[in-house]
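*Asks:* The structure under discussion is supplied below as structure tokens; questions concerning it will follow.
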Amino acid sequence: MKPPQFDYHDPQSLDEALELLAEHGEEAKALAGGQSLVPLLNFRLTYPEHLIDLGRVPALAYVRRQNGVLRIGAMTRQATLERSPLVATHWPLLTDALAFVAHAQIRNRGTVGGSVAHADPAAELPVAFTALDAIFHVLSSSGRRSIGCSDFFVTHLTTALEHDELLVEIEVPAVPPNTSWAFTEYARRHGDFALGGAAVLLTMNDGACKRARIALLAAADTPLRAPAAERSLEGGAVTEESAAEAARLAVADINPTGDIHGSSKYRRYLVEGMVRRAIVQANQRVRR
Numbered sequence: 421m422k423p424p425q426f427d428y429h430d431p432q433s434l435d436e437a438l439e440l441l442a443e444h445g446e447e448a449k450a451l452a453g454g455q456s457l458v459p460l461l462n463f464r465l466t467y468p469e470h471l472i473d474l475g476r477v478p479a480l481a482y483v484r485r486q487n488g489v490l491r492i493g494a495m496t497r498q499a500t501l502e503r504s505p506l507v508a509t510h511w512p513l514l515t516d517a518l519a520f521v522a523h524a525q526i527r528n529r530g531t532v533g534g535s536v537a538h539a540d541p542a543a544e545l546p547v548a549f550t551a552l553d554a555i556f557h558v559l560s561s562s563g564r565r566s567i568g569c570s571d572f573f574v575t576h577l578t579t580a581l582e583h584d585e586l587l588v589e590i591e592v593p594a595v596p597p598n599t600s601w602a603f604t605e606y607a608r609r610h611g612d613f614a615l616g617g618a619a620v621l622l623t624m625n626d627g628a629c630k631r632a633r634i635a636l637l638a639a640a641d642t643p644l645r646a647p648a649a650e651r652s653l654e655g656g657a658v659t660e661e662s663a664a665e666a667a668r669l670a671v672a673d674i675n676p677t678g679d680i681h682g683s684s685k686y687r688r689y690l691v692e693g694m695v696r697r698a699i700v701q702a703n704q705r706v707r708r
């Protein structure tokens, strides 16, 4: 339970952090909140020769609305985002998702960018951002680029970030008017990693679903959108029957990895139930 030896770096600015990443490349790891990386170090599942602590880079911690778009600095603490009235009012799916993240002590230290860059398919924030069509802005000493969710998450614990790049901001588009939401998941105990879940957004118009967004939690190696399920809801009324059919379509092609907590078949049924429940809950919010 002791980490391997590494050189510790404590940059005081974003430029300094980027210079260190450019210098050390594959031998370096960026430390955000440490709630995922430190356990990996202690179990010796990763062996960086250089650890670059971002805790003293204040330019990366903010939550603001700009031209209707939500911008979240990568070093923003999860608890800060959870308690934000701005987020609760305009992007409530994020507020609901954060309530499922581990425990309050973890959210006080864990960062939004750290959770995204860790890319655990059973983590709540990557799934919520996938449903919200978020864009991830990354920076290196050679330039800046923006990556959509479908390209950012590559596989289990792997993103499109290059070794000299740093995730600096998450951009969340404005949610259309008349949009309701729901986030559901199942874990053996509160705070445990979820065995399955779903994030749902429904945009309604005159009693019919105009636009649907469905993202699956712990269903694949990455957060997963369910376009066939979304299309099945769009254009009609949302009912128990249509919710069940959309849930069936959402899991038709998935093959979750089984483990001691549940087989692949069990997890597929579980995700299906979570999708159906999330659609029903979102529709109930519409009626209220």
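Residue numbers for the sequence shown follow our numbering, so the first one is 421 and each next one is one higher.
From the three backbone atoms N, C-alpha and C, an ideal C-beta is built for every residue, glycine too.
Computed from a prediction, not measured in an experiment: that's the story for all the values here.
Threshold first: 3 residues or longer. Then list the beta strand (DSSP E) segments lying entirely within the region 572-627, N to C.
*Replies:* Those beta strand (DSSP E) runs which fall completely within the region 572-627 and span 3+ residues are 573-575, 586-592, 599-606 and 616-625.
*Asks:* Taking all protein chains shown into account, do 16 or more other C-beta atoms lie within 10 angstroms of the C-beta of Leu506, making it buried, or fewer, making it exposed?
*Replies:* As a position in the sequence shown, residue 506 is number 86, starting the count at 1. Leu506 comes out exposed.
*Asks:* What separation, rounded to the nearest whole angstrom, lies between the Cα atoms of Ala670 and Leu644?
*Replies:* In the sequence shown, counting from the first residue as 1, residue 670 sits at position 250. In the sequence shown, counting from the first residue as 1, residue 644 sits at position 224. The alpha-carbon atoms of Ala670 and Leu644 are separated by roughly 9 Å.
*Asks:* Exposed or buried, what is Pro431 when buried is set at 16 or more other beta-carbons lying within 10 Å of its beta-carbon?
*Replies:* What you label residue 431 is simply residue 11 of the sequence shown in a count that begins at 1. By the 10 Å Cβ count, Pro431 comes out buried.
*Asks:* Apart from the five residues on each side of it in sequence, which residues of its chain come closer than 6 Å, Cβ to Cβ, to His444?
*Replies:* On the sequence shown, residue 444 is found 24 positions in, with the first residue counted as 1. These residues qualify, in order along the chain: His470.
*Asks:* If we call anything under 8 Å between Cβ atoms a contact, is Ala481 one with Ala517?
*Replies:* Against the sequence shown, residue 481 aligns to sequence position 61. Against the sequence shown, residue 517 aligns to sequence position 97. Taking 8 Å as the Cβ cut-off, Ala481 and Ala517 do not qualify as a contacting pair.
*Asks:* What are the partner residues of Phe556, as DSSP defines its beta bridges?
*Replies:* The residue you call residue 556 lines up with position 136 of the sequence shown. Paired residues: Ile567 and Ile590.
*Asks:* On a CA-only basis, which of Phe556, Ala437 and Lys449 is nearest Gly493? Give me that one, please.
*Replies:* Along the sequence shown, read from residue 1 onward, the residue named residue 493 stands at position 73. Comparing Cα-Cα distances from Gly493 to each of Phe556, Ala437 and Lys449, the minimum goes to Phe556.
*Asks:* In three-state terms, what does DSSP make of Lys422?
*Replies:* In the sequence shown, counting from the first residue as 1, residue 422 sits at position 2. Three-state result, Lys422: coil.
*Asks:* Just curious, the beta strand (DSSP E) that Gln486 is in, first and last residue?
*Replies:* Walking along the sequence shown from the start, residue 486 turns up at place 66. Where Gln486 is concerned, the enclosing beta strand (DSSP E) stretches over Val483 to Gln486.
*Asks:* Counting C-beta neighbours from all protein chains within 10 Å, is the total for Asn625 16 or more, i.e. buried, or is it exposed?
*Replies:* Taking the first residue of the sequence shown as position 1, residue 625 is located at position 205. By the 10 Å Cβ count, Asn625 comes out exposed.
*Asks:* For the region 663-681 and the region 689-700, state whether three or more C-beta atom pairs, one from each stretch, are separated by less than 8 Å.
*Replies:* Short answer: they touch.
*Asks:* Within 10 angstroms of the Cβ of Asn703, are there 16 or more other Cβ atoms? Answer buried if so, exposed if not.
*Replies:* As a first step, residue 703 is located in the sequence shown; it is residue number 283 there, counting from the start. Buried, because 16 or more other Cβ atoms sit within 10 Å of the Cβ of Asn703.
*Asks:* Residues in the same chain with beta-carbon distance under 7 Å from Ala508, minus the five sequence neighbours each way, listed in chain order, please.
*Replies:* On the sequence shown, residue 508 is found 88 positions in, with the first residue counted as 1. Hits under 7 Å: Thr515.
*Asks:* My guess is that Glu654 and Ala632 are in contact by the Cβ rule of under 8 Å, so how many angstroms apart are they, rounded?
*Replies:* As a working mapping, residue 654 is identified with position 234 in the sequence shown. As a working mapping, residue 632 is identified with position 212 in the sequence shown. Confirmed, Cβ separation roughly 5 Å.
*Asks:* Any contact between the region 498-505 and the region 520-534? By contact I mean 3 or more CB pairs, one from each, below 8 Å.
*Replies:* Yes, they touch.
*Asks:* Which whole-angstrom value describes the C-beta separation of Val532 and Leu545, a residue pair presumed to lie in contact below a C-beta threshold of 8 Å?
*Replies:* If you number the sequence shown from 1, residue 532 lands on position 112. If you number the sequence shown from 1, residue 545 lands on position 125. Their Cβ separation, rounded to whole angstroms, is 6 Å, which keeps Val532 and Leu545 in contact under 8 Å.
*Asks:* Residues bridged to Gly493 by DSSP?
*Replies:* Taking the sequence shown and counting its residues from 1, the one referred to as residue 493 is at position 73. Answer is Glu589, bridged to Gly493.
*Asks:* Where does Tyr686 sit, in a helix, a strand or coil, going by DSSP?
*Replies:* On the sequence shown, position 266 is the one that residue 686 refers to. Tyr686: helix per DSSP, three-state reduction.
*Asks:* Do Ala639 and Val620 have their CB atoms nearer than 8 Å?
*Replies:* The residue you call residue 639 lines up with position 219 of the sequence shown. The residue you call residue 620 lines up with position 200 of the sequence shown. The answer is no: Cβ separation not under 8 Å.
*Asks:* According to DSSP, simplified to helix, strand and coil, what is Asp435?
*Replies:* Here residue 435 corresponds to residue number 15 of the sequence shown, with the count starting at 1. Asp435 falls in the helix class under three-state DSSP.
*Asks:* Which complete alpha helix (DSSP H) runs does the region 657-684 hold, if anything under 4 residues is left out?
*Replies:* Entirely contained in the region 657-684, the alpha helix (DSSP H) runs reaching 4 residues are, in chain order, 660-670.
*Asks:* Let me confirm a value: Ile680 is counted as buried when at least 16 other C-beta atoms fall within 10 Å, else exposed. Which label applies?
*Replies:* Looking up residue 680 in the sequence shown gives position 260. Exposed, by the Cβ-count rule.
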